[in-house]
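In this note's numbering, the protein residues as written are 6 to 94.
In this text, a Cβ means the ideal position worked out from N, Cα and C, and glycines have one as well.
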């Protein structure tokens, strides 16, 4: 199991399009992927679950990956967040 802090840095936060990209990337992996804030934990492969986190710019989330490809999953998801979900700002 790998836990990693992610800082949401894109201007619009984890909105619908960004959440869809996160879920699409997470779904490429067999590992169980979770995202958590201080109040709740969300299924990283469910767009509705991710949207319920209401993670705006500046929010810190904990990424939790558990499974055979957890390291690759964490790396890909970290890169996605660091690249601002591919949004030009």
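- Residue 36 is classed as buried because its beta carbon has at least 16 other beta carbons within 10 Å across all chains shown.
- For residue 83, there is no enclosing beta strand (DSSP E); the enclosing alpha helix (DSSP H) covers residues 75 to 87.
- Residue 29: member of the alpha helix (DSSP H) spanning 21 to 31, first to last residue.
- With respect to the 8 angstroms criterion, residue 68 and residue 82 are classified as neighbours on the basis of their beta carbons.
- Across the set 21, 43, 50, 45, the C-alpha of 50 shows the shortest separation from the C-alpha of residue 32.
- Sorting 73, 6, 44, 58 by C-alpha distance to the C-alpha of residue 13 places 58 at the top.
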